[in-house]
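All remarks here apply to the structure that follows.
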Amino acid sequence: MAELSDSLRDAVFYGILDTGYVAESDMANKCRMLVESGAKLIQLRAKNETVERLREMAFEILPFFRKKGAPYFIINDSPQVAAEICSIIPNAGLHIGQDDIPPRQAREIIGKRRVLGLSTHSEEQAKSAEELRDVIDYFAVGPVYATNTKPGRPAVGLGLVRAVAQSNPTLPWFAIGGINLKTAGEVRRAGAKRIVAVSDVLLPPDTRGAVIKLVDKFLSKDR
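Last residue of the sequence shown: number 1672 in this note's numbering, and the count goes up by one each step with no gaps.
So this is what it looks like as structure tokens:
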């Protein structure tokens, strides 16, 4: 098993600071609210920014992750920026997609005892992720529903969530894509134990409250 997998087993919510939904002027405030919400991991995703600007944003919010008990700070897609952050704080890592750098190469770049996650969109990819359990710490399954966060990416549906849950992976995994107050219950019933939400918690002014409300709905017996 990768060295930090066990530390993610009790995670329920994974937050993403996506520049498609958060203005640069509000980035620090949104990051603070995600930290206060109890998110175990917070990812910085800036698809339309240069590597240089991504690095600048990462350093702007880095102080939130230096505090005792802070969540993991995950950089999306950029091994270069992730490696630099990983060299500064231990609670850091990288998330990659299927078309990005290979996981084993990514691990070599960010080093040991740093979080490495992988996106999956099919049963085959989820199985391959599980086979990389000595390399990666978690994987994500989605998008469960169509979402503007991933334009052009077809929804995988609840069927994939059920299939992955029934395969009982040893790695922690997160359901992602279109998860909100209306869909959280059925995602949980399909077998997911952990979720990622983006627009549903970033768009409300009170992001901290939105996360808490979503997690309560996800975990509720009355879901």
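Heads up, the beta-carbon is just placed ideally off N, CA and C, and yes, glycines get one too.
- According to DSSP, residue pairing for F1667 in a beta bridge does not occur.
- The DSSP-derived three-state label of L1652 is coil.
- Straight-line spacing of the CA atoms in L1620 and E1572 works out to 14 Å.
- Judged by DSSP in its simplified three-state form, G1634 adopts helix.
- Its Cα nearest to that of A1575, the residue G1591 stands out among I1465, A1451, D1455, G1591.
- Shortest Cα-Cα distance from T1569 to any of R1553, L1609, A1595 involves L1609.
- Counting only runs of 3 or more residues that sit fully inside the stretch 1548 to 1593, the beta strand (DSSP E) segments are 1564 to 1569, 1587 to 1590, in chain order.
- Taking 8 Å as the cut-off, the beta carbon of A1532 is found closer than this to the beta carbon of I1558.
- Note on geometry: alpha-carbon atoms of L1652 and I1628 lie some 13 Å from one another.
- Cβ atoms of I1465 and V1647 come within 8 Å of each other, at about 5 Å.
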